[in-house]
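For the sequence shown, the residue numbers in the working numbering are 3 to 171.
Yeah, the Cβ is synthetic: ideal placement off N, Cα and C, and Gly gets one too.
These notes are about the structure you will find just below.
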Amino acid sequence: MAEGAAATVIGQLYASHAHWLQGWLRSRTHCASRAADLTQDTFCRLLEQPRLPPLASPRGYLATIARRLLIDDIRRREIERAIADICALQSGEANLLTPERIAEATQFLDMVARLLDTLPEQARIAFLLRRVEGLSQQEVAAALGVSLATVKRYIALSYASCLSIMEAA
3 MAEGAAATVI GQLYASHAHW LQGWLRSRTH CASRAADLTQ DTFCRLLEQP RLPPLASPRG
63 YLATIARRLL IDDIRRREIE RAIADICALQ SGEANLLTPE RIAEATQFLD MVARLLDTLP
123 EQARIAFLLR RVEGLSQQEV AAALGVSLAT VKRYIALSYA SCLSIMEAA
């Protein structure tokens, strides 16, 4: 499907199903603004796809994408909360979480997310499997179908990138 034709189809999907999707998300998030953001992100995700598959059930397809985005959003919020808690514990100010400290943690996470987006896909997946999912390097190698040496190289690249933002901060 040509790029212009795909955009037209996505525009039609948006016109037909965006309101429904936003309501569906609102019932799950209990927040109108989060639901609106996730609705927009869902259609942006469609626009980013190289090819749009034929859709027998557009609402089911949209709901699947939105559900995955919602899971990612929940995970990101949990990580933000965990980082804020760790920062508070390390500084001995566990009860002094302020909006400023939460904003700093959020900015830091955004930097890390942008950095991870610059990594090659396999390196990013290896890093996330190792650091977030807690898999061993051997398990990561098996999951990705690459050698242990390649996983070590991916993780080293990821750490080097993380160090670069720590030095810049």
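May I have the straight-line CA-CA distance separating residue i from residue j, to the nearest angstrom?
| i | j | result |
| --- | --- | --- |
| leucine 23 | leucine 150 | 42 Å |
| glutamine 140 | threonine 152 | 11 Å |
| arginine 28 | tyrosine 161 | 37 Å |
| glycine 13 | threonine 41 | 13 Å |
| serine 138 | alanine 128 | 10 Å |
| arginine 69 | proline 60 | 14 Å |
| leucine 57 | alanine 158 | 41 Å |
| leucine 2 | leucine 117 | In the structure as shown, the chain starts at 3 and stops at 171, and residue 2 therefore has no counterpart that could be examined. |
| alanine 38 | leucine 131 | 30 Å |
| leucine 48 | isoleucine 88 | 36 Å |
| cysteine 46 | alanine 17 | 14 Å |
Short of 7 Å in beta carbon distance, which residues of its chain neighbour residue i, apart from the five on each side in sequence? Order them along the chain.
| i | result |
| --- | --- |
| alanine 86 | Leu99, Arg103, Ile104 and Ala107 |
Count the other CB atoms within 10 Å of the CB of residue i; is the residue buried (16 or more) or exposed (fewer)?
| i | result |
| --- | --- |
| histidine 1 | Outside the displayed range of the chain (3 to 171) lies residue 1, so it cannot be described from this structure. |
Please report the residue range of the alpha helix (DSSP H) in which residue i lies.
| i | result |
| --- | --- |
| leucine 121 | Run containing leucine 121: none; DSSP gives neither H nor E here. |
| cysteine 172 | Only positions 3 to 171 of the chain appear in the structure, and residue 172 is not among them; the question remains open. |
| leucine 146 | 139 to 146 |
Is residue i near the ligand PLP, going by C-beta to nearest heavy atom under 6 Å?
| i | result |
| --- | --- |
| serine 160 | This structure lacks the ligand PLP; in fact it carries no ligand of any kind. |
- Cβ pair count under 8 Å reaching 3, the segment 69 to 77 against the segment 48 to 58: Short answer: they don't touch.
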